[in-house]
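There are 2 protein chains.
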Amino acid sequence: MRNYAHPDLADVTIEHALHALSDPVRLDIVRQLDRAGEASCAALDGGRPKSSMSHHFRVLRSAGLVHTRIAGVQHMNTLRREEVDKRFPGLLDAVLGVMG
Amino acid sequence: MRNYAHPDLADVTIEHALHALSDPVRLDIVRQLDRAGEASCAALDGGRPKSSMSHHFRVLRSAGLVHTRIAGVQHMNTLRREEVDKRFPGLLDAVLGVMG
DNA sequence: TTGATAGTTCGTATATAATCGAACTAGAGG
DNA sequence: CCTCTAGTTCGATTATATACGAACTATCAA
Numbered sequence: 008m009r010n011y012a013h014p015d016l017a018d019v020t021i022e023h024a025l026h027a028l029s030d031p032v033r034l035d036i037v038r039q040l041d042r043a044g045e046a047s048c049a050a051l052d053g054g055r056p057k058s059s060m061s062h063h064f065r066v067l068r069s070a071g072l073v074h075t076r077i078a079g080v081q082h083m084n085t086l087r088r089e090e091v092d093k094r095f096p097g098l099l100d101a102v103l104g105v106m107g
Numbered sequence: 008m009r010n011y012a013h014p015d016l017a018d019v020t021i022e023h024a025l026h027a028l029s030d031p032v033r034l035d036i037v038r039q040l041d042r043a044g045e046a047s048c049a050a051l052d053g054g055r056p057k058s059s060m061s062h063h064f065r066v067l068r069s070a071g072l073v074h075t076r077i078a079g080v081q082h083m084n085t086l087r088r089e090e091v092d093k094r095f096p097g098l099l100d101a102v103l104g105v106m107g
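Sequence lines, in order, name chains A and B.
To convert, take the position in the first sequence, counting from 1, and add 7; that gives the numbering used here.
To convert, take the position in the second sequence, counting from 1, and add 7; that gives the numbering used here.
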């Protein structure tokens, strides 16, 4: 795995983005990335198996929400904030602004 | 069927709302209700079978997004705009504001 | 080169969701 | 009461997601 393909946000539908955000594990990842700025997969796993996390990161990447950069042995993830905000204005603000 | 139970928005999670909105049929219903204000189930079916539509309306109701009022033989649906806006500020604006 | 660490991929099991026909229910009107 | 219409419920099928162990890959460090 040399590096990841990240979709152009223009090719991401709102349905796709909403679906990616509708899972509690993934929403938790997104919230943590919003706070932390950048984090490895392991830092966000909450004790879940690696294969499950890998699946959720893949969904988030395919929905254009998360960017993953390979840094040595770790894969560092960030929210694609500006791009998502441009494509879906207000969506992340709304989703991240909600109280439990 | 005398009338429907509509959940208190406080009991609806953002995950639940996002999931309801992430299906293309349901998103289409929501968009049409946003424009039309109020519509019967049949007016929004786009040629789909009644049982399928009934399922999607149930999901939308259970996510607190749609209110259904029985008016004679028809069931009239509206978006629960103000309540949803209060619970998830900016969410519907973001979802409904997106171009194609 | 060996070992450890981080994460992916594969395969499979299980759960959840979508689709839709058929039978049913409720209200309106003759 | 009969019938039409609008929508629900049931049941079965199929599709899509989730979960996760096991085997694999890549990088780093000793």
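Quick reminder that beta carbons are idealized off the backbone N, C-alpha and C, glycines included.
On a predicted model such as this, the values are computed, not experimentally measured, just so you know.
Verify whether the separation of the beta carbon atoms of residue i and residue j is less than 8 Å.
| i | j | result |
| --- | --- | --- |
| B:D41 | B:L98 | no |
| B:V66 | B:A27 | yes |
| B:Y11 | B:R55 | no |
| A:S47 | A:M83 | yes |
Pick out whichever of the options has its Cα sitting closest to the Cα of residue i.
| i | options | result |
| --- | --- | --- |
| B:E22 | B:R65, B:G71, B:V32 | B:G71 |
| A:S29 | B:L25, B:V32, B:P31, B:D30 | B:L25 |
| A:F95 | B:D92, B:L103, B:K93 | B:L103 |
| A:E89 | A:Y11, A:V80, A:D15 | A:D15 |
| A:K57 | A:V37, A:Q81, A:G44, A:E45 | A:Q81 |
| A:E45 | A:K93, A:G79, A:Y11, A:V73 | A:V73 |
| A:D92 | A:N10, A:V19, A:L51 | A:V19 |
| A:V32 | A:R9, A:G53, A:A78 | A:G53 |
From the DSSP output, in three-state form, read off residue i for me.
| i | result |
| --- | --- |
| A:M83 | strand |
| A:V105 | coil |
| B:V91 | helix |
| A:A78 | strand |
| B:A46 | strand |
| A:V73 | strand |
| B:A12 | coil |
| A:V37 | helix |
| A:P56 | coil |
| A:D30 | coil |
| B:V19 | coil |
Using the Cα positions of residue i and residue j, report the straight-line distance between them to the nearest angstrom.
| i | j | result |
| --- | --- | --- |
| B:R76 | B:F64 | 12 Å |
| A:M106 | A:S59 | 26 Å |
| A:V37 | A:A49 | 14 Å |
| B:L34 | B:L51 | 11 Å |
| B:H13 | B:A78 | 16 Å |
| A:A43 | B:Q39 | 38 Å |
| B:A3 | A:R9 | The structure shown does not extend to residue 3 of chain B, since chain B is modelled only from 8 through 107, so no value can be given for it. |
Does the ligand GDP have a heavy atom nearer than 7 Å to the CB of residue i?
| i | result |
| --- | --- |
| A:A12 | The ligand GDP is absent from the structure shown, which contains no ligand whatsoever. |
Subject >> Residues of the stretch 92-103 of chain A with Cβ closer than 9 Å to any Cβ of chain B, in chain order >> reply: R94, F95, P96, G97, L98, L99, D100, A101, V102
Original post:
Listed from N- to C-terminal order along the chain, which residues in the stretch 59-73 of chain A have their beta-carbon within a distance smaller than 7 Å of any beta-carbon of chain B?
Top reply: none
Subject >> Residues in the stretch 27-39 of chain A having any Cβ partner in chain B nearer than 8 Å >> reply: L28, S29, D30, P31, L34
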